[in-house]
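Visitor: Okay, handing you the structure first.
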Amino acid sequence: MNVATYATYPEAQRAVDYLSDQRFPVERTAIVGEGLKTVEQVTGRLDWGRAAGLGFGQGLFIGLFIGLLFGLLGLAGGNILFAVAYGMVMGAITGLVWGLVSYAMTGGRRDFTSIGGMRADRYVIVADAEVAEQARALLANLPAR
């Protein structure tokens with residue numbers, strides 16, 4: 000059953016935290032986002048140079064971790080420094096090539112970078128029917144911020 004509705008997730012989170020502080024059985028509640036929509040935040044322009052740079056950087060870090068793993072597991076003949084350096088070089092080259100190939104495959108249809116996520120219009124706290132009225136009563140005393 001619906002207990003309360005909030006405009007933002009932090010407000011709903013604060014309400015559930017308050018219920019928890021009041022020793023309410025919060026395991027019988029849920030925060031439900033309603034009016035969901037996908038939001039894609041554009042973070043920048045993508046061109047050949049940036050595609051190469053992003054691929055290079057990602058490959059470098061992946062290579063670092065693979066080289067470190069190989070070195071620590073003794074798969075590099077005991078030379079950890081060589082394993083890490085080799086992993087970074089090979090990772091950077093592979094990442095650079097992969098970044099350029101991936102960008103070429105878009106055919107100019109996606110010349111930007113972005114971060115996607117879900118957003119809700121409102122957040123509803125719901126609780127089991129047996130405890131919903133108790134939750135409403137407690138939230139009526141929730142201190143204002």
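Under numbering that gives the first Met the number 0, the first residue of the sequence shown is numbered 0, with each subsequent residue one higher. All residues carry an ideal CB built from backbone N, CA and C; glycine is no exception.
#1: Could you check if T105 is buried or exposed, using at least 16 other CB atoms within 10 Å of its CB as the buried criterion?
#2: Output yes or no for whether 8 Å exceeds the beta carbon distance between G32 and A119.
#3: Would you mind reading off the limits of the beta strand (DSSP E) that contains F111?
#4: Rounded to whole angstroms, what's the CA-CA distance from W97 to V25? Just pull it up for me.
#5: Could you tell me the boundaries of the beta strand (DSSP E) in which A3 lies?
#6: In the DSSP assignment, what residue or residues form a beta bridge with Y85?
#7: The alpha helix (DSSP H) spanning Q21 covers which residue range?
#8: Touch check for the segment 2–9 and the segment 133–143: three-plus C-beta pairs under 8 Å?
Guide: Taking the structure as given:
#1: Looking at its Cβ environment, which holds fewer than 16 other Cβ atoms inside 10 Å, T105 is exposed.
#2: Cβ atoms of G32 and A119: closer than 8 Å.
#3: Its beta strand (DSSP E) spans residues 111–118.
#4: Going by C-alpha positions, W97 is about 47 Å away from V25.
#5: Annotation for A3: the continuous beta strand (DSSP E) segment containing it runs 1–5.
#6: Its beta-bridge partners do not exist; DSSP assigns none.
#7: DSSP places Q21 in no alpha helix (DSSP H); its state is neither H nor E.
#8: The segment 2–9 and the segment 133–143 touch, with no fewer than 3 CB-CB distances between them shorter than 8 Å.
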